[in-house]
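Colleague:
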Amino acid sequence: MRKISGIETVALSGGVWQNMTLLGKTYQNLEKDGFTVLIHERVPANDGGISLGQAVIANQNKDRI
759 MRKISGIETV ALSGGVWQNM TLLGKTYQNL EKDGFTVLIH ERVPANDGGI SLGQAVIANQ
819 NKDRI
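In the working numbering, the protein residues as written are 759 to 823.
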């Protein structure tokens, strides 16, 4: 797929990535295959991050509301 798409960066986001075993093994395998892997560090990977996204969008559109 990478040869066809040219994708070099992978983002692991969503509640499933709270499973540290799955996250760790997937991260290692992707990195070993040469991908740049992005993971959550300061914002929860699950629904807890939704409110932050909503606040960012609201702030960007505050003059239009």
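We treat Cβ as the ideally placed atom computed from N, Cα and C, and that holds for glycine.
On a predicted model such as this, the values are computed, not experimentally measured, just so you know.
Pairs of beta-carbons, one from the stretch 804-820 and one from the stretch 779-794, closer than 8 Å: are there three or more?
Modeller: no
Colleague: Using only alpha-carbon positions, find the residue among 821, 822 and 803 that is nearest to residue 774.
Modeller: 803
Colleague: Residue 816 lies in the alpha helix (DSSP H); which residues open and close that run?
Modeller: Looking at the DSSP string, the run of the alpha helix (DSSP H) that includes residue 816 is 808-818.
Colleague: Take residue 790 as the anchor and find which of 817, 768, 815 and 762 has the nearest alpha-carbon.
Modeller: It is 768.
Colleague: Helix, strand or coil for residue 765, going by three-state DSSP, please let me know.
Modeller: coil
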